Amino acid sequence: MKTFHLSTSSSANLLSVEPNVVAVGFFDGVHKGHQRVIATAKEKADASGVRSAVMTFDPHPSVVLKREQRDAYYITPLEEKEEILKDMGLDYLFVVTFDRSLAGLSPQQFVDDFFIPLNVRNVVAGFDFTYGHKGEGSMNTLAQHSRGRFAQTVVEKVADGEEKVSSTRIRKLLDVGKVNEVNDLLGRPFFVKGKSNSDLARKIIEVRVENSFYFPNEGVYTVTVLLKGMQHYGMAWLKSKVRQGQEQTCTFNVYLLDMDAGHSEEDVTVRFHNKIKDEFESINVDYIDDRLQKSEKVIRSFFGLE
1 MKTFHLSTSS SANLLSVEPN VVAVGFFDGV HKGHQRVIAT AKEKADASGV RSAVMTFDPH
61 PSVVLKREQR DAYYITPLEE KEEILKDMGL DYLFVVTFDR SLAGLSPQQF VDDFFIPLNV
121 RNVVAGFDFT YGHKGEGSMN TLAQHSRGRF AQTVVEKVAD GEEKVSSTRI RKLLDVGKVN
181 EVNDLLGRPF FVKGKSNSDL ARKIIEVRVE NSFYFPNEGV YTVTVLLKGM QHYGMAWLKS
241 KVRQGQEQTC TFNVYLLDMD AGHSEEDVTV RFHNKIKDEF ESINVDYIDD RLQKSEKVIR
301 SFFGLE
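The sequence shown begins at 1 in UniProt numbering and counts up by one.
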């Protein structure tokens, strides 16, 4: 997958891209609803014999327009979103910088600047996609603004039960620690990535996260950890405020069942599966061993390791 970074100050006319079908949206989480939009674009591209593409934006529009700091943290930050999209077999990724200049474009100007120059043959988006100043453009107006240069495909909402699958819904579930329900909506485990250091004596690693991940709330969670190419089963402790204010770095601890060797700082991925406890208890070295032994039984039972 080839990635292109675009903005109002860098002309898309200068890019050399083959004809493509593009799925467009913010796609935070790349959840099942997003996957439907992207899969539709890939199907259309394959049927037409052209390239498949995704257009996303960075940062989230509300960070720029409403200065919502909460929205500066993501279910899938841009780097992780790019990895997921690459695994989906796409040919192109267009990352458009969202700033006030972009927000000020008329719907027609947005289409003229960001769809037509990119050799787009079909724009695929969810029913609620909007574009241009104050979101005045929609899938209902895109045919007019396309001026016959490309087709449009609307993907209707994807529901789980009676509710729409959405990034907002996933964030609300993370706010109450329902990661098992989050995973159902994502179609994969929710994860964060960071760096780890180990405590050999107690099979505990400290995970330091510097990217802008949106965290589950306070509690104790069953997790799987990818470390040095190996998967480990464990338990993560999240404090009530893993991230303080606007800090970009945060840390939490993970207890691993089968860790028997130390390591220096390493890349680590922590996948969340289920919440064990609602409350966070400070780790006291005087009685931690007993607590961990009890928790280990819960972890082994959850993963069927008994």
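Every residue gets a Cβ at the ideal spot worked out from N, C-alpha and C, and that includes glycine.
These numbers were taken from a predicted model, which means no experiment stands behind them.
Once you ignore the five residues that flank residue i on each side, which residues in its own chain have a CB closer than 6 Å to its CB?
i, result
"K42", "S52"
"T251", "E206 and R208"
"Q152", "V123, L142 and A143"
"N57", "Looking at the sequence shown, residue 57 is not Asn but Phe. So the list reads F26, V96 and F98, once near-sequence residues are dropped."
"H5", "V95"
If we count the other Cβ atoms within 10 Å of its Cβ and call it buried at 16 or more, is residue i buried or exposed?
i, result
"residue 315", "Nothing about residue 315 can be read from this structure; the chain reaches only from 1 to 306."
"Q35", "buried"
"G161", "exposed"
"D113", "buried"
"L93", "buried"
"S9", "exposed"
"A47", "exposed"
"M55", "buried"
"N183", "buried"
"residue 323", "This structure cannot speak to residue 323, because the chain is shown only from 1 to 306."
"K228", "exposed"
"E80", "buried"
"S301", "exposed"
Can you list, in chain order, the residues of its chain with a C-beta nearer than 8 Å to that of residue i? Leave out the 5 residues immediately preceding and following it.
i, result
"R169", "E163 and L185"
"Q244", "Caution is warranted here: a pLDDT of 49 is assigned to Q244, below 50, making its placement in the model unreliable, and the coordinate value is therefore given only provisionally. Cβ neighbours of Q244 beyond the five flanking positions: C250."
Excluding five sequence neighbours on each side, which residues of the same chain lie with their C-beta closer than 7 Å to the C-beta of residue i?
i, result
"P216", "L174, G177, V179, L238 and F272"
"T130", "G137 and S138"
"V120", "N20, V22 and F150"
Hey, residue i and residue j are a contact pair by Cβ (cut 8 Å); roughly how many whole angstroms apart?
i, j, result
"Y73", "S212", "5 Å"
"L105", "A12", "That pair is no contact at about 13 Å."
"F191", "V270", "6 Å"
"Y214", "I75", "5 Å"
DSSP three-state call for residue i: helix, strand or coil?
i, result
"E296", "helix"
"I84", "helix"
"V270", "strand"
"K203", "coil"
"H133", "helix"
"D160", "strand"
"I38", "helix"
"L93", "strand"
"Q244", "Per-residue confidence for Q244 stands at a pLDDT of 49, beneath the threshold of 50, marking its modelled position as unreliable; no derived number is given."
"L183", "Note on identity: in this sequence residue 183 is Asn, with Leu being the wrong assignment. Here N183 sits in helix by DSSP."
"K239", "coil"
So who's on the other strand from residue i, going by DSSP bridges?
i, result
"A151", "N122"
"M230", "L227"
"A23", "V54 and V124"
"S10", "S7"
"T251", "R208"
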